[in-house]
Amino acid sequence: MHIILNHSSMVPIYEQLMEQIKSDIIQSELKEGEALPSVRTLAGELRISALTVKKAYDKLEEEGFVTTVHGKGTYVSASDKQLALEARQKAIEDDFDKVIDRALSMGMKKEEISEVVKLILDEK
(Lines of atoms letter the chains of each structure in order from A and count residues from 1; the text may use other names and numbers.)
(Lines give C-alpha, C1' and ligand atoms only; values in the text may rest on other atoms or scores of the structure.)
Protein backbone atom coordinates (compact mmCIF):
# COMPACT_ATOMS: atom_id res chain seq x y z
CA MET A 1 0.00 0.00 0.00
CA HIS A 2 1.44 3.33 -1.09
CA ILE A 3 0.27 6.25 1.06
CA ILE A 4 1.45 9.83 0.62
CA LEU A 5 0.55 12.30 3.36
CA ASN A 6 0.83 16.07 3.09
CA HIS A 7 1.61 17.40 6.55
CA SER A 8 1.17 21.01 5.43
CA SER A 9 -2.32 20.38 4.02
CA MET A 10 -5.41 21.79 5.70
CA VAL A 11 -6.96 18.29 5.37
CA PRO A 12 -6.43 16.30 8.58
CA ILE A 13 -3.96 13.40 8.31
CA TYR A 14 -6.60 10.80 9.21
CA GLU A 15 -8.84 12.06 6.37
CA GLN A 16 -5.96 11.92 3.88
CA LEU A 17 -5.24 8.37 5.00
CA MET A 18 -8.93 7.40 4.76
CA GLU A 19 -9.33 8.83 1.27
CA GLN A 20 -6.28 7.03 -0.07
CA ILE A 21 -7.32 3.68 1.40
CA LYS A 22 -10.90 4.21 0.18
CA SER A 23 -9.60 5.03 -3.29
CA ASP A 24 -7.47 1.85 -3.33
CA ILE A 25 -10.56 -0.18 -2.37
CA ILE A 26 -12.79 1.49 -4.98
CA GLN A 27 -10.18 0.96 -7.69
CA SER A 28 -9.75 -2.69 -6.59
CA GLU A 29 -6.10 -2.19 -5.69
CA LEU A 30 -7.13 -3.55 -2.29
CA LYS A 31 -9.29 -6.63 -2.71
CA GLU A 32 -12.10 -8.03 -0.59
CA GLY A 33 -10.74 -9.89 2.43
CA GLU A 34 -7.27 -8.39 2.10
CA ALA A 35 -5.70 -7.38 5.41
CA LEU A 36 -4.65 -3.80 5.96
CA PRO A 37 -1.40 -3.20 7.84
CA SER A 38 -1.80 -3.19 11.61
CA VAL A 39 -2.38 0.18 13.23
CA ARG A 40 1.09 0.18 14.79
CA THR A 41 2.82 -0.99 11.62
CA LEU A 42 1.19 1.66 9.43
CA ALA A 43 1.75 4.36 12.04
CA GLY A 44 5.43 3.43 12.15
CA GLU A 45 5.79 3.38 8.37
CA LEU A 46 4.08 6.75 7.98
CA ARG A 47 5.66 8.20 11.14
CA ILE A 48 2.32 9.32 12.52
CA SER A 49 0.42 8.56 15.70
CA ALA A 50 -1.21 5.15 16.05
CA LEU A 51 -4.32 7.03 17.23
CA THR A 52 -4.48 8.79 13.85
CA VAL A 53 -4.38 5.46 11.99
CA LYS A 54 -6.96 4.00 14.39
CA LYS A 55 -9.28 6.95 13.76
CA ALA A 56 -8.97 6.47 9.98
CA TYR A 57 -9.64 2.72 10.29
CA ASP A 58 -12.64 3.37 12.58
CA LYS A 59 -14.14 5.87 10.12
CA LEU A 60 -13.58 3.45 7.21
CA GLU A 61 -15.38 0.78 9.22
CA GLU A 62 -18.30 3.16 9.89
CA GLU A 63 -18.57 3.73 6.14
CA GLY A 64 -18.50 -0.01 5.44
CA PHE A 65 -15.18 -0.19 3.62
CA VAL A 66 -13.37 -2.33 6.19
CA THR A 67 -14.12 -4.72 9.03
CA THR A 68 -12.02 -5.00 12.16
CA VAL A 69 -11.70 -8.30 13.96
CA HIS A 70 -10.27 -7.56 17.39
CA GLY A 71 -7.03 -9.37 17.92
CA LYS A 72 -6.83 -10.35 14.23
CA GLY A 73 -6.71 -7.15 12.19
CA THR A 74 -8.58 -4.93 9.78
CA TYR A 75 -9.79 -6.35 6.46
CA VAL A 76 -11.34 -4.95 3.30
CA SER A 77 -15.09 -5.60 3.46
CA ALA A 78 -17.06 -7.46 0.82
CA SER A 79 -17.11 -5.13 -2.14
CA ASP A 80 -20.44 -3.41 -2.45
CA LYS A 81 -20.51 -1.99 -5.97
CA GLN A 82 -23.25 0.50 -5.04
CA LEU A 83 -21.24 1.75 -2.04
CA ALA A 84 -18.14 2.15 -4.21
CA LEU A 85 -20.15 3.96 -6.88
CA GLU A 86 -21.66 6.33 -4.33
CA ALA A 87 -18.25 7.03 -2.78
CA ARG A 88 -16.76 7.80 -6.19
CA GLN A 89 -19.69 10.10 -7.04
CA LYS A 90 -19.44 11.87 -3.67
CA ALA A 91 -15.73 12.53 -4.23
CA ILE A 92 -16.45 14.06 -7.64
CA GLU A 93 -19.30 16.15 -6.23
CA ASP A 94 -17.00 17.44 -3.48
CA ASP A 95 -14.40 18.44 -6.09
CA PHE A 96 -17.02 20.22 -8.20
CA ASP A 97 -18.36 21.96 -5.09
CA LYS A 98 -14.92 23.39 -4.25
CA VAL A 99 -14.33 24.58 -7.81
CA ILE A 100 -17.78 26.16 -8.06
CA ASP A 101 -17.32 27.93 -4.70
CA ARG A 102 -13.98 29.25 -5.91
CA ALA A 103 -15.44 30.46 -9.21
CA LEU A 104 -18.36 32.17 -7.46
CA SER A 105 -16.00 33.84 -4.97
CA MET A 106 -14.02 35.20 -7.95
CA GLY A 107 -17.18 36.82 -9.30
CA MET A 108 -18.19 34.34 -11.98
CA LYS A 109 -21.89 33.88 -12.57
CA LYS A 110 -23.55 30.45 -12.62
CA GLU A 111 -24.12 30.72 -16.37
CA GLU A 112 -20.41 31.45 -16.96
CA ILE A 113 -19.39 28.46 -14.86
CA SER A 114 -21.82 26.27 -16.76
CA GLU A 115 -20.38 27.51 -20.08
CA VAL A 116 -16.82 26.69 -18.96
CA VAL A 117 -17.90 23.16 -17.99
CA LYS A 118 -19.63 22.68 -21.36
CA LEU A 119 -16.54 23.90 -23.24
CA ILE A 120 -14.29 21.52 -21.32
CA LEU A 121 -16.65 18.58 -21.87
CA ASP A 122 -16.84 19.36 -25.60
CA GLU A 123 -13.05 19.08 -25.78
CA LYS A 124 -13.13 15.53 -24.34
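Mapping of the sequence shown onto the UniProt record's numbering: residues 1 to 124, in sequence order.
We put the CB at the ideal spot given by N, CA and C, even for glycine.
For residue i, count the other beta carbons within 10 Å of its own beta carbon; 16 or more makes it buried, fewer makes it exposed. Which is it?
i   : result
K22 : buried
L17 : buried
L30 : buried
F65 : buried
I92 : exposed
D95 : exposed
A78 : exposed
Need the endpoints of the alpha helix (DSSP H) that residue i sits in, please.
i    : result
V116 : K110 to E123
K53  : The question names Lys, yet the displayed sequence has Val at residue 53. Per DSSP, V53 belongs to the alpha helix (DSSP H) from A50 to E62.
Measure the Cβ-Cβ separation of residue i and residue j and say whether it is below 8 Å.
i           : j    : result
T68         : Y57  : yes
I48         : I4   : no
G73         : A35  : yes
P37         : M10  : no
I25         : R88  : no
I113        : I100 : yes
residue 152 : G44  : What is shown of the chain runs 1 to 124, which leaves residue 152 out entirely.
What first and last residue would you give for the beta strand (DSSP E) that runs through residue i?
i   : result
G71 : It is not in any beta strand (DSSP E) - G71 carries neither H nor E in the DSSP assignment.
**Message:** List, from N- to C-terminal side, the alpha helix (DSSP H) runs of 4 residues or more that fit wholly inside the segment 3-47.
**Reply:** 13-26 and 39-46
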